[in-house]
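Sequential numbering from 50 applies to the sequence shown in our numbering. Just so you know, even glycine gets a beta-carbon here, dropped at the ideal spot from N, CA and C. Being a predicted model, the structure only gives us computed values, none of them experimental.
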Amino acid sequence: MKEFKLNNGITMPSVGIGTFLLEPKDAENSVKEALKLGYRLIDTANAYMNERAVGRGIKESGVDRKEIFLSTKLWPTEYENPNAVDETLERLGTNYIDLLFIHQPTKNWREGYKQLVNAYKKGKIKAIGISNFESEINEVLAEFDVKPQVIQVECHPFFPQDELRTITKKEEIKIMSWYPLGGKDMTGELLNNPIIINLANKYHKSTAQIVLRWHTQMGFIVIPGSKNVEHIKDNIDIFDFCLSNEDMNEILKLNKHQRRYIRSDEALVNYLNWKITYEEK
Ligand SMILES: NC(=O)c1ccc[n+]([C@@H]2O[C@H](COP(=O)([O-])OP(=O)(O)OC[C@H]3O[C@@H](n4cnc5c(N)ncnc54)[C@H](OP(=O)(O)O)[C@@H]3O)[C@@H](O)[C@H]2O)c1
């Protein structure tokens, strides 16, 4: 498994499993099976309402917590809750988080970022992340003396984050791709694209493996979501081949320069009114 080094010196796996839209029982099973298959990175969030299930999956896998890189995200309604980090730890059944994000750049994001910095200084989290930040990344860098290690954003061959990549390269912040396979509604469009199919035939790999390998060669951390054990198995089996520069450039031709998820000011305001119903103990 290839690992990436973050700007604070810690390393993290380049491939993991995502748990967005997974019901608790599916999240628990996907995490358990993924860890048994050799995954060591898991991504969840307060808002996925499956953190307890992720914690159960980790325990059932039998894999030592110290071997696992666990990432989760504070939802904006938690940014001003002084117990948000401790409550997240409790739900996950762990005493530290490897990478904690603030999930959305809502108007109170600075309060959330301060919580991350405090938790980082106390050793409760090992790395700091921001998610769905666009131009606000410049404000984070200008206003805080502790910079983030990772930014999690929509990223795939149809939208390879050209603009953001200039800043992240300069600041040595890693991009973690969400919707790496195009997301639930666009997976078909991406995985059935003729360029991707040709490459799958050329390298004797599946189309998903071609796309995921492209992410890691671009330097992106990738966390495909799945509740299908065969897919989970395939998605990590991407280290026995390497896409040539020519083929990497071929995939870049798919760039539509248009993200799928267009955020609105209204959506950011609405996020502050979301009620998260956490799973009971
Ligand atoms: N920060 C954010 O705001 C944000 C937003 C969205 C997502 N995320 C994170 O990013 C992760 C990835 O995003 P995502 O799960 O939405 O999208 P995704 O990984 O691009 O796509 C998931 C879809 O791909 C299918 N799939 C997975 N492996 C496959 C394979 N080998 N062949 C064919 N189909 C396959 C899955 O179906 P099966 O279950 O049938 O395999 C599922 O429908 C999330 O799980 C979450 O952790 C973060």
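Pick helix, strand or coil for Glu221, following the three-state DSSP scheme.
Taking the first residue of the sequence shown as 1, we reach residue 221 at position 172. In this structure, Glu221 counts as coil in the three-state DSSP scheme.
Near Leu141, what residues of its chain come up, given a Cβ to Cβ distance below 6 Å and the 5 sequence neighbours on each side ignored?
Residue mapping note: residue 141 aligns to position 92 of the sequence shown, counting from 1. Excluding sequence neighbours, Leu141 sits near Glu100, Gly104.
Please classify Gly232: does DSSP put it in a helix, a strand, or coil?
Taking the first residue of the sequence shown as position 1, residue 232 is located at position 183. Three-state result, Gly232: coil.
Leaving aside the five residues before and after Glu127 along the sequence, list all residues of the same chain whose C-beta is less than 7 Å from its C-beta, in chain order.
As a first step, residue 127 must be located in the sequence shown, where it is residue number 78. These residues qualify, in order along the chain: Asn95, Ala133.
Check the C-beta distance from Tyr88 over to Ile285 and give it rounded, since I have them as a contact under 8 Å.
As a working note, residue 88 is residue 39 in the sequence shown. As a working note, residue 285 is residue 236 in the sequence shown. Between Tyr88 and Ile285 a beta carbon distance of about 6 Å is seen, short of the 8 Å cut, so the two are scored as contacting.
Within 10 angstroms of its Cβ, does Asp293 collect 16 or more other Cβ (buried), or is it exposed?
Looking up residue 293 in the sequence shown gives position 244. A small correction: the amino acid at residue 293 is Ser; Asp does not occupy that position in the sequence shown. Within 10 angstroms of the beta-carbon of Ser293 lie fewer than 16 other beta-carbons, which makes it exposed.
Quick check: Ala102 and Ala76, are their CB atoms within less than 8 Å of each other?
As a first step, residue 102 must be located in the sequence shown, where it is residue number 53. As a first step, residue 76 must be located in the sequence shown, where it is residue number 27. When the beta-carbon positions are compared, Ala102 and Ala76 come within less than 8 Å of each other.
Here's a check: name, in chain order, each residue in its chain whose Cβ is nearer than 7 Å to the Cβ of Leu190, leaving out the five neighbours to either side.
Within the sequence shown, numbered from 1, the residue matching residue 190 stands at position 141. Correct list, in chain order: Lys196, Glu220.
For Glu139 and Leu119, I'd like the C-alpha separation in whole angstroms.
Sequence index remark: in the sequence shown, residue 139 carries index 90 (1-based). Sequence index remark: in the sequence shown, residue 119 carries index 70 (1-based). Near 14 Å, if we compare the C-alpha coordinates of Leu119 and Glu139.
Kindly indicate which three-state DSSP category Ser120 falls into: helix, strand or coil?
In the sequence shown, the residue the question calls residue 120 occupies position 71. Ser120: strand per DSSP, three-state reduction.
Can you tell which of Ile300, Asn157, Asn167, Ile91 has its C-alpha closest to the C-alpha of Phe182?
Taking the first residue of the sequence shown as position 1, residue 182 is located at position 133. Comparing Cα positions, the closest option is Asn157.
Find the nearest neighbour of Leu321 within the set Tyr97, Ile174, Gln153, Ser180, judged by alpha-carbon distance.
Residue mapping note: residue 321 aligns to position 272 of the sequence shown, counting from 1. Closest by alpha carbon: Gln153.
Since Gly274 contacts Thr68 with CB under 8 Å, what's their CB separation in whole angstroms?
In the sequence shown, counting from the first residue as 1, residue 274 sits at position 225. In the sequence shown, counting from the first residue as 1, residue 68 sits at position 19. At roughly 6 Å, the Cβ-Cβ gap stays under 8 Å, so Gly274 and Thr68 are in contact.
Would you check whether ligand 1 has a heavy atom nearer than 7 Å to the C-beta of Ile272?
Against the sequence shown, residue 272 aligns to sequence position 223. Yes.
What residues match up with Glu60 in a beta bridge as DSSP calls it?
The residue given as residue 60 occupies position 11 in the sequence shown. Checking the sequence shown, residue 60 turns out to be Thr, not Glu. Lys54, per the DSSP bridge assignment.
Check whether the Cβ atoms of Lys254 and Ser79 lie closer than 8 Å to each other.
Taking the first residue of the sequence shown as position 1, residue 254 is located at position 205. Taking the first residue of the sequence shown as position 1, residue 79 is located at position 30. No. Outside cutoff.
Is the closest heavy atom of ligand 1 to the C-beta of Ala257 under 7 Å?
Locating residue 257 in the sequence shown gives position 208, counting from the first residue. Yes, Cβ of Ala257 sits closer than 7 Å to a heavy atom of ligand 1.
Short check: CB of Ile300 to CB of Pro206, under 8 Å?
Within the sequence shown, numbered from 1, the residue matching residue 300 stands at position 251. Within the sequence shown, numbered from 1, the residue matching residue 206 stands at position 157. Yes. Within cutoff.
For Lys122, is the classification buried or exposed, using 16 other Cβ atoms within 10 angstroms of its Cβ as the cut-off for buried?
Position 73 of the sequence shown, counting from 1, holds the residue named residue 122. Buried, by the Cβ-count rule.
So, are the CB atoms of Ile151 and Tyr169 less than 8 Å apart?
Taking the first residue of the sequence shown as position 1, residue 151 is located at position 102. Taking the first residue of the sequence shown as position 1, residue 169 is located at position 120. The answer is no: Cβ separation not under 8 Å.
Which residues does DSSP pair with Ser226 in a beta bridge?
Numbered from its first residue, the sequence shown carries residue 226 at position 177. Beta-bridge pairing links Ser226 to Val202, Val271.
Could you tell me if Gly106 is buried or exposed, where buried requires 16 or more neighbouring beta carbons within 10 angstroms of its beta carbon?
To locate residue 106, count along the sequence shown from 1; it is residue 57. When all chains shown are included, Gly106 counts as buried.
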